[in-house]
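Chemist: In this note's numbering, the protein residues as written are -14 to 362.
We treat Cβ as the ideally placed atom computed from N, Cα and C, and that holds for glycine.
Here you go, one structure.
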Amino acid sequence: LRVAVLRETVRSERRVALDPDGARRLKAAGLEVLVETGAGASAWFPDAGYAAQGARIVDRATAVAEAGLVLSVGQPDADVVDQLRPEQSCLGLLAPLTSPDLVRRLCRAKVTAISLDGLPRTLTRAQGMDALSSQASVAGYKAVLIAGEHYDRFFPLLMTAAGTSKPAAVLVLGAGVAGLQAIGTARRLGAVVSGYDVRPAAREEVKSLGAKFIELEAGIAAAGTGGYARELTADEREAQQRELAEHIARHDIVITTAQVPGRVPPLLVPADTVARMRPGSVLVDLAASALGGNVAGSRPGETLVTDNGVTVVGAANLPARMPTSASQALSRNISALVTHLVRDGELAIDLADEIQRGVVVTHGGEIVSTPVAAAVA
Ligand code: NAD
């Protein structure tokens, strides 16, 4: 199998799907690796690093034409999709549940499309392939650094000849993979950190990182399936917003990460709560999306300062803003998955395998993923 790594063309996407170490791993598994010129440059992986691992550096047209499997971080570019032939495959974070047009095109072209988003995340043997977790972890870390950039005070308690600074009070709402990484990072910078989540299991995880867990009197417990949260009822949502407002107003920095699969992110910080925060406070909304986020008024990719002096950061694609570590982790996930899919040097699609059932979206002109087929229908 020839695996091709393309340069990402989406503006602001600085990651690459495979780093030189990933190229080494695929070579060791008996595969050939083609790398488009400059594919890793924006993540600080020069062509020479890939070549040193035995990859062939080629132009884009050659990479697409000669590849059996085309790797990308997100969705392949439209020009690549147009060129893919029936015997070819593509792999990336394809977001197939929300991209019916792409799925239909790949299906019509009889391309085998493999998406990391569908991986069964609770399966122990799939953990090394879990790109959603590895990228969420980068996002949680980076969110704290971004908060620090906008917070015009020290994080730690500092006692100097020029006086004593109080530690920053940081609140993390949503304690999944990104939230827990944000809690740990803020703690390491010396902040006093609290965490909150609707899944009861999150309580011990937050506490184990040395943060305080916020208990609401409303006692909302909203564990859903697969380790995710369920959507709250209107009454629960109202009670949550009301009680959280008291906590939010007392914190200097609030980082929000709450998501419910397949739903618009829940609103945790409405406008009247933002209005209660002190001047100089910072809100970083990792759930900011075109459809809405956890913070009223947050827009993906934009930073605004409210009339009462609160900085609201709509954090969009944070892993792309820390491309070296994010690509290294993604590359490990991708090389582990590709190695899992290969038998005797070729892709061996086998939908009896639980991992493959999760990740293979289209194959042989059919949408073989049950949830994707339902979403596209
Ligand atoms: P996610 O991105 O879907 O959501 C982030 C967090 O927001 C979750 O913790 C969720 O409970 C929380 N949330 C949702 N609605 C909320 C609300 N109204 N108020 C407050 N918080 C709210 O989640 P994720 O980070 O992808 O992880 C979800 C779960 O999957 C976690 O339990 C994680 O530990 C688990 N997981 C398990 C494995 C594994 O077992 N190997 C791997 C990855 C993730």
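Roughly how many angstroms lie between the CA atoms of Gly83 and Ser193, to the nearest whole one?
Modeler: One-based indexing of the sequence shown puts residue 83 at position 98. One-based indexing of the sequence shown puts residue 193 at position 208. Per the sequence presented here, residue 83 reads as Thr, with Gly not at that position. Approximately 35 Å, taken between the alpha carbons.
Chemist: Answer yes if the segment 291 to 310 comes into contact with the segment 263 to 278, meaning at least three C-beta pairs across the two stretches below 8 Å, and no otherwise.
Modeler: At 8 Å Cβ cutoff, the stretches touch.
Chemist: Can you look up Met262 in the DSSP assignment and give me helix, strand or coil?
Modeler: As a position in the sequence shown, residue 262 is number 277, starting the count at 1. Coil, per DSSP.
Chemist: Going by beta-carbon coordinates alone, are Leu(-14) and Glu331 separated by less than 8 Å?
Modeler: The residue given as residue -14 occupies position 1 in the sequence shown. The residue given as residue 331 occupies position 346 in the sequence shown. Yes, these two residues count as a Cβ contact at 8 Å.
Chemist: Below 7 Å, is the gap between the Cβ of Gln226 and the nearest heavy atom of the ligand NAD?
Modeler: For the purposes of this step, residue 226 is taken as the residue at position 241 of the sequence shown. Answer for Gln226: no, Cβ out of range of the ligand NAD.
Chemist: For Asp67, count the other beta carbons within 10 Å of its own beta carbon; 16 or more makes it buried, fewer makes it exposed. Which is it?
Modeler: Taking the sequence shown and counting its residues from 1, the one referred to as residue 67 is at position 82. Exposed: under 16 other Cβ atoms inside 10 Å.
Chemist: Residue range of the alpha helix (DSSP H) that Ser100 falls in?
Modeler: For the purposes of this step, residue 100 is taken as the residue at position 115 of the sequence shown. Ser100 -> not in any alpha helix (DSSP H); beta strand (DSSP E) instead, spanning 97 to 100.
Chemist: Can you find the residues in the same chain that come closer than 7 Å, C-beta to C-beta, to Trp29, ignoring five residues on each side of it along the sequence?
Modeler: Looking up residue 29 in the sequence shown gives position 44. Closer than 7 Å at Cβ, skipping near neighbours: Thr309.
Chemist: Return the CA-CA distance between Ser74 and Gly247, expressed in angstroms with no decimal places.
Modeler: Looking up residue 74 in the sequence shown gives position 89. Looking up residue 247 in the sequence shown gives position 262. Taking the straight line from one Cα to the other gives about 26 Å.
Chemist: Say the cut is 7 Å; is the CB of Pro308 nearer than that to a heavy atom of the ligand NAD?
Modeler: What you label residue 308 is simply residue 323 of the sequence shown in a count that begins at 1. Not under cutoff, so the answer is no.
Chemist: Where does the unbroken beta strand (DSSP E) through Arg227 begin, and where does it stop?
Modeler: For the purposes of this step, residue 227 is identified with residue 242 of the sequence shown, where counting begins at 1. Looking at the DSSP string, Arg227 is not in any beta strand (DSSP E); the run it does join, the alpha helix (DSSP H), is 219 to 235.
Chemist: For Ala333 versus Leu326, is the C-beta spacing smaller than 8 Å?
Modeler: Translated into positions along the sequence shown, residue 333 becomes position 348. Translated into positions along the sequence shown, residue 326 becomes position 341. It is a contact, given that the beta carbons lie within the stated cut-off.
Chemist: Return the chain-ordered list of same chain residues with a C-beta closer than 7 Å to the C-beta of Pro304, the five sequence neighbours on each side being excluded.
Modeler: Here residue 304 refers to the residue found at position 319 of the sequence shown. Around Pro304: Arg0, Gln120, Val123, Ala124, Ala311.
Chemist: Give me the Cα-Cα distance between Arg106 and Gly148, rounded to the nearest whole angstrom.
Modeler: Walking along the sequence shown from the start, residue 106 turns up at place 121. Walking along the sequence shown from the start, residue 148 turns up at place 163. Whole-angstrom Cα-Cα distance: 48 Å.
Chemist: Could you tell me the alpha carbon to alpha carbon distance between Leu252 and Ile131, rounded to whole angstroms?
Modeler: Here residue 252 refers to the residue found at position 267 of the sequence shown. Here residue 131 refers to the residue found at position 146 of the sequence shown. When rounded, the distance between both Cα atoms is 21 Å.
Chemist: Output needed for Ala36: all residues of its chain with C-beta closer than 7 Å, excluding positions within five of it in sequence on either side, in chain order.
Modeler: The residue you call residue 36 lines up with position 51 of the sequence shown. Excluding positions up to five away in sequence, the list reads Ile42.
Chemist: Name the two residues that bound the continuous beta strand (DSSP E) containing Ile240.
Modeler: What you label residue 240 is simply residue 255 of the sequence shown in a count that begins at 1. Counting along the chain, the beta strand (DSSP E) containing Ile240 begins and ends at 238 to 241.
Chemist: Using 8 Å as the threshold, is the C-beta distance between Phe198 and Ala176 below it?
Modeler: The sequence position of residue 198 within the sequence shown is 213, counting from 1. The sequence position of residue 176 within the sequence shown is 191, counting from 1. Cβ atoms of Phe198 and Ala176: not closer than 8 Å.
Chemist: Check Ile131 in the structure and name its three-state DSSP category.
Modeler: Along the sequence shown, read from residue 1 onward, the residue named residue 131 stands at position 146. Reduced to three states, the DSSP call for Ile131 is helix.
Chemist: Taking the alpha helix (DSSP H) that Val58 belongs to, which residues open and close that run?
Modeler: Locating residue 58 in the sequence shown gives position 73, where the first residue counts as 1. Element bounds for Val58: n/a, residue is neither H nor E.
Chemist: Using DSSP with H/G/I as helix, E/B as strand and the rest coil, what is Gly159?
Modeler: Within the sequence shown, residue 159 is the residue found at index 174, counting from 1. It is coil, neither helix nor strand.
Chemist: So does Ala8 have its beta carbon nearer than 7 Å to some heavy atom of the ligand NAD?
Modeler: For the purposes of this step, residue 8 is taken as residue 23 along the sequence shown, with counting starting at 1. Ala8 Cβ: outside cutoff for every heavy atom of the ligand NAD.
Chemist: Between which two residues does the beta strand (DSSP E) harbouring Glu200 extend?
Modeler: Along the sequence shown, one-based indexing puts residue 200 at 215. Unbroken run through Glu200: none, as it is neither H nor E.
Chemist: Would Gly343 and Gly103 be called neighbours here (beta carbons separated by less than 8 Å)?
Modeler: If you number the sequence shown from 1, residue 343 lands on position 358. If you number the sequence shown from 1, residue 103 lands on position 118. Contact flag set, yes.
Chemist: In terms of residues, what are the limits of the beta strand (DSSP E) holding Gly148?
Modeler: Here residue 148 is taken as the residue at index 163 of the sequence shown, counted from 1. Taken as a continuous stretch (DSSP letters only), the beta strand (DSSP E) holding Gly148 covers 148 to 150.
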